[in-house]
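Student: In the numbering used here, the protein residues as written are 4 to 474.
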């Protein structure tokens, strides 16, 4: 509950409202599985996260998302749930004493006239007895191990959720950066449409035409304006998605520094890495190893069912050969009971076999996931190669369109070429520039996917996976 209240309390407010304060407990410093290696940088970023005039770099946005994103609430709270389960399992080492109060009375009174009948015969009696069942020590020990492993698995799962958020933020920054370039290229074409209208107005006024070319030029200008509006709306939608991911109110002003996107892929070259080396550094490998270890514990828990149970009872029930007197104070007796299973119709055996099969499944899952990882690595490399080839093709087309435009511009200035042809080639060059920006974005996103697959993107903020998950 404290985690939920803390995260909900740090949600940003709309622009113009008072900036909220950071909660007493925030996930950057105290969240398990999110180590802070460069604390000085984070301390410098945290105090002004909610400054209305702040321009958020990529790293700032990551810190803000870890701080308050609703996407990470479930996995963070799940850690606390698993920790409570671990604490509960640790207390199972101790027996649970119980007091039983019994109130009894005769249903029949056939012995009322017997000389040995005590004076309180037929009267209600209240007896107090005590009972405590001792836990199965083997089962309790390994159940505690299972609960601890589940805490570590929850931490690793939370780290995966944080890593996915880091990846989505990087995607958003790269897309917004490309969208700004595309929007600038489209806006640069608008003056050409107006220049073309002016040209045809002059031509048709001289030649006495009815304005057909002017109408077409106006229609073309409208198309260019709609293309700009479309790009502007796409940019707004991408920024809104980033706000939602970071836990910022969708209506709030959110200034971002797109130049910081240049450093996201800096220094990454997937071709210099080997998937075998990176597989051992992924959260999936650690999670699967932890599941195998937990399966070992579950097998021991199943075997522990063969151990007899022991309990202790204190009451006034005498053992065979002894009895309480008919008059006087009755005695209390201590009973130590051992419960041995003799015939369970294969219940315990089937439990052990089931635990063994679950371990076999965990081994198979690990082998399958490792194979999938190698295949994803190969596909990521192929996607990068394809995107780089398309980028080269787009750059070549842009260079060709630029050369054609420059040649036509020289001819126009020499009085050889007409203005509409020059404007058309100028628009063609702008369109190939837009296609080049899209190809550059596709190449960056392909590299980002590969970087995320290697785990290097997450390690920048989270460090290496926690090795104690399999301890």
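Built from N, CA and C at the ideal position, the CB exists for glycine as well.
In this text the structure is predicted, and so the values were computed from the model without any measurement.
1) Go to residue 401, then tell me how far its alpha helix (DSSP H) extends in each direction, as first and last residue.
2) Ignoring anything shorter than 4 residues or poking outside the region 247–285, list the alpha helix (DSSP H) runs there in chain order.
3) Mind checking who residue 318 pairs with in its DSSP beta bridge?
4) How is the beta strand (DSSP E) around residue 137 delimited, first residue to last?
5) Taking DSSP as the reference, what is the three-state secondary structure of residue 58?
6) What three-state label does DSSP hand residue 419 in the structure shown?
7) Mind checking residue 257: buried by the 16 CB within 10 Å criterion, or exposed?
8) Is there contact between the region 176–183 and the region 405–416, where contact requires at least three CB pairs shorter than 8 Å?
9) Could you tell me if residue 107 is buried or exposed, where buried requires 16 or more neighbouring beta carbons within 10 angstroms of its beta carbon?
10) Assuming residue 76 is part of the alpha helix (DSSP H), what are its boundary residues?
11) In chain order, what residues of the same chain lie with their CB nearer than 6 Å to the CB of residue 316, ignoring the 5 residues before and after it?
12) Since residue 106 sits in a beta bridge, which residues does DSSP pair it with?
13) Please report the Cβ distance between residue 295 and residue 362, rounded to the nearest whole angstrom; I am assuming they are in contact, meaning their Cβ atoms lie under 8 Å.
14) For residue 190, I'd like the list of residues in its chain whose CB is within less than 7 Å of its CB, leaving aside the five on either flank, ordered along the chain.
15) Exposed or buried, residue 461, counting other C-beta atoms within 10 Å across all chains shown (16 or more means buried)?
16) What do you reckon, are the CB atoms on residue 289 and residue 365 nearer than 8 Å?
17) Hey, how far is the Cα of residue 247 from the Cα of residue 171?
18) Taking the C-alpha atoms as reference points, what is the distance between residue 32 and residue 75?
19) Tell me, please, whether the region 381–394 touches the region 413–428 by the rule of three or more beta-carbon pairs shorter than 8 Å.
20) Please report the Cβ distance between residue 239 and residue 305, rounded to the nearest whole angstrom; I am assuming they are in contact, meaning their Cβ atoms lie under 8 Å.
21) According to DSSP, simplified to helix, strand and coil, what is residue 343?
22) Return the bridge partner residues of residue 312 from the DSSP annotation.
23) Counting only the same chain and skipping the five closest in sequence on each side, list residues whose C-beta sits under 8 Å from that of residue 199.
24) Give me the DSSP bridge partner(s) of residue 101.
25) Among residues of its own chain, excluding the 5 on either side of residue 344, which ones have a beta-carbon nearer than 6 Å to its beta-carbon?
26) Mind checking residue 270: buried by the 16 CB within 10 Å criterion, or exposed?
27) Taking Cβ to Cβ, would you say residue 167 is nearer than 8 Å to residue 136?
28) Determine, using beta-carbon pairs with one atom in the region 56–74 and one in the region 101–117, whether at least three such pairs fall under 8 Å.
29) Is residue 264 near residue 67, with beta carbons less than 8 Å apart?
30) Please work out which residues of its chain come closer than 7 Å, Cβ to Cβ, to residue 276, disregarding the five sequence neighbours upstream and downstream, and give them in chain order.
31) What are the boundary residues of the alpha helix (DSSP H) that residue 325 is part of?
32) Measuring only the C-alpha atoms, how far is residue 475 from residue 163?
33) Using the C-alpha atoms, what's the distance from residue 83 back to residue 463?
34) Given a threshold of 16 other Cβ atoms within 10 Å of its Cβ, counted over all protein chains shown, does residue 286 qualify as buried or as exposed?
35) On the criterion of 16 or more Cβ atoms from any shown chain inside 10 Å, does residue 311 qualify as buried, or is it exposed?
Tutor: Once the coordinates are examined:
1) Run containing residue 401: 350–416, per the alpha helix (DSSP H) assignment.
2) Given a length threshold of 4 residues, each whole run of the alpha helix (DSSP H) inside the region 247–285 is given here in chain order: 278–282.
3) Bridge partners of residue 318: 336.
4) That run of the beta strand (DSSP E) goes 128–137.
5) If DSSP states are grouped into helix, strand and coil, residue 58 belongs with coil.
6) The DSSP-derived three-state label of residue 419 is coil.
7) Classification of residue 257: buried, given that the 10 Å Cβ count is 16 or more.
8) With contact defined as three or more Cβ pairs closer than 8 Å, the region 176–183 and the region 405–416 are not in contact.
9) With fewer than 16 other Cβ atoms from the protein chains shown falling within 10 Å of its own Cβ, residue 107 counts as exposed.
10) Here the alpha helix (DSSP H) through residue 76 covers 76–94.
11) Taking residue 316 as the centre and dropping the five residues before and after it, the same chain places the C-beta of 134, 338 closer than 6 Å to its C-beta, in chain order.
12) Note: residue 106 sits in a beta bridge opposite 129.
13) Between residue 362 and residue 295 the Cβ distance is about 7 Å, and since that is below 8 Å, they are a contact.
14) The residues are 231.
15) By the C-beta density criterion, residue 461 is buried, having at least 16 other C-beta atoms within 10 angstroms.
16) Cβ distance not < 8 Å, so residue 289 and residue 365 don't count as in contact.
17) Counting only the Cα atoms, residue 171 lies some 11 Å from residue 247.
18) Here the model assigns residue 32 a pLDDT of 46, short of 50, so the residue's position is not dependable, and the following value carries that caveat. So the two alpha carbons sit approximately 15 Å from each other.
19) Output reads no: the region 413–428 does not touch the region 381–394.
20) Contact annotation, residue 239 with residue 305: C-beta distance approximately 57 Å; criterion of less than 8 Å not satisfied.
21) Residue 343: coil per DSSP, three-state reduction.
22) Looking at the DSSP output, residue 312 sits in a beta bridge with 342.
23) Hits under 8 Å: 220, 223, 224, 422, 423, 426.
24) Its beta-bridge partners are 134.
25) Result list for residue 344: empty, nothing under 6 Å.
26) Looking at its Cβ environment, which holds fewer than 16 other Cβ atoms inside 10 Å, residue 270 is exposed.
27) No; because the gap between Cβ atoms is not below 8 Å, this pair is not in contact.
28) No contact exists between the region 56–74 and the region 101–117.
29) Contact: no.
30) Hits under 7 Å: 457.
31) Secondary structure note for residue 325: it is in no alpha helix (DSSP H), with a DSSP letter that is neither H nor E.
32) Nothing can be reported for residue 475: it is not among the residues displayed for the chain, which extend from 4 to 474.
33) Taking the straight line joining both Cα atoms gives about 25 Å.
34) With 16 or more Cβ atoms within 10 Å of its Cβ, residue 286 is classed as buried.
35) Its Cβ having fewer than 16 others within 10 Å, residue 311 is exposed.
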